[in-house]
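Participant:
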Ligand code: PGA
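Residue numbers (the numbering used here): 48 to 290.
#1: Please identify the residue among 210, 209, 195 whose C-alpha is closest to the C-alpha of residue 203.
#2: In angstroms with no decimal places, state the Cα-to-Cα distance between residue 109 and residue 252.
#3: DSSP three-state call for residue 66: helix, strand or coil?
#4: With a 10 Å radius around its C-beta and 16 neighbouring C-beta atoms as the bar for buried, classify residue 129 as buried or exposed.
#5: Report the option in 200, 234, 258 whose CA atom is closest to the CA atom of residue 212.
#6: Can you tell me whether DSSP reads residue 101 as helix, strand or coil?
#7: Quick one: grab the DSSP three-state call for residue 92.
#8: For the region 175-217, list the beta strand (DSSP E) runs that are entirely contained and at least 3 residues long, ordered along the chain.
#9: Quick one: using the 10 Å Cβ neighbour count with 16 as the cut-off for buried, is residue 123 buried or exposed?
#10: Which residues in the same chain have their Cβ closer than 6 Å to the Cβ of residue 210, if we skip the five residues on either side of it in sequence?
#11: Determine the contact status of residue 118 and residue 165, defining contact as a CB-CB distance below 8 Å.
#12: Per the contact definition of three or more C-beta pairs closer than 8 Å, is the region 215-223 in contact with the region 186-194?
#13: So, with DSSP's three-state summary, where would you put residue 56?
#14: On the criterion of 16 or more Cβ atoms from any shown chain inside 10 Å, does residue 77 qualify as buried, or is it exposed?
#15: Rounded to whole angstroms, what's the CA-CA distance from residue 198 to residue 158? Just pull it up for me.
#16: Going straight from the alpha carbon of residue 56 to that of residue 237, what length do you get?
#17: Can you tell me which residues form a DSSP beta bridge with residue 169?
#18: Out of 50, 51, 61, 49, point me to the one whose CA is closest to residue 277's CA.
#19: For residue 287, collect the residues of the same chain with a Cβ closer than 8 Å to its Cβ; drop the 5 residues on either side in sequence, then sort them by chain order.
#20: According to DSSP, which residues form a beta bridge with residue 239?
#21: In the DSSP assignment, find the unbroken beta strand (DSSP E) run with residue 248 in it and report its ends.
#22: Between residue 254 and the ligand PGA, is the CB less than 7 Å from at least one heavy atom?
This is the structure:
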């Protein structure tokens, strides 16, 4: 049985005051599933203290693939690990599209995260155009190929996030999501049948309290990566309860 996981991707949102309120609110709500919050990296220390001793885990949204050195403005996986991050998101479509991260960078980051003993949450997803052209599976396979070949698949979490669903309110139907999740699990199975049974595949893209249950009813959907709805206690908790 794969343990359900819901990850809050705060993106570039938050403040010292808002973070404290949000975390206190989440701690007050009991949860049977694994919950992880990924604040902007400047707030990792603050949030690490806030979640200390609770059942909420800490994650980071992004790191550089190098460990240290003259890379102005960057932070490394070992640094965020030192602050207590147990997960790091890699290959989010916003990073791929807006910060020029290609498959090679995403692989290096995944390896750096594993090297810091942290679990990568590796994101893949097709654009609207790719879906319309019938290239969804081809796109996902290309994004995943290096990771499937080079990375220990029992040590990572995967996330399917269709680009057209992120921040748009246009959530994938449970059937659309389940079909891609199944496809991803089959790709993993080709390399490692054992890992295919245990690897957790999250769905992300406009998940909210209303649509979460339908998604989580599908066998291959093991949790969610949540953006907008992770910024409010009630919304995030509704998703966690649906899981
Ligand atoms: P969204 O973002 O929930 O706001 O659509 C999801 C994500 O980008 O991880």
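C-beta atoms are modelled at their ideal positions from N, C-alpha and C, and glycine is treated no differently.
Facilitator: Here's the rundown:
#1: Measuring from the Cα of residue 203, the nearest candidate turns out to be 195.
#2: Rounded to whole angstroms, residue 109 to residue 252 spans 18 Å at the Cα level.
#3: Note: residue 66 maps to helix in three-state DSSP.
#4: Its Cβ having fewer than 16 others within 10 Å, residue 129 is exposed.
#5: Comparing Cα positions, the closest option is 258.
#6: Looking at residue 101 - three-state DSSP - the assignment turns out to be coil, as it is neither helix nor strand.
#7: In this structure, residue 92 counts as helix in the three-state DSSP scheme.
#8: Correct list: 204-207.
#9: For residue 123, the number of other beta carbons within 10 angstroms of its own is at least 16, and it is reported as buried.
#10: Sequence-distant Cβ neighbours of residue 210 in its own chain, meaning closer than 6 Å and more than five residues away, are 140, 172, 174.
#11: Contact check for residue 118 against residue 165 fails: the beta carbons are separated by 8 Å or more.
#12: No, the region 186-194 is not in contact with the region 215-223.
#13: Residue 56 falls in the strand class under three-state DSSP.
#14: It counts as exposed.
#15: Within the model, the alpha-carbon separation for residue 198 versus residue 158 is close to 7 Å.
#16: Rounded to the nearest whole angstrom, the C-alpha separation of residue 56 and residue 237 is 30 Å.
#17: For residue 169, the beta-bridge partners assigned by DSSP are 137, 205.
#18: Selected option, being the one with the closest Cα: 61.
#19: Cβ within range, chain order: 53, 76, 78, 80, 82.
#20: The partner list for residue 239 (beta bridge, DSSP) is empty, contrary to what the question assumes.
#21: Element bounds for residue 248: 247-251.
#22: At a threshold of 7 Å, residue 254 counts as near the ligand PGA, since its beta carbon sits closer than that to one of the ligand's heavy atoms.
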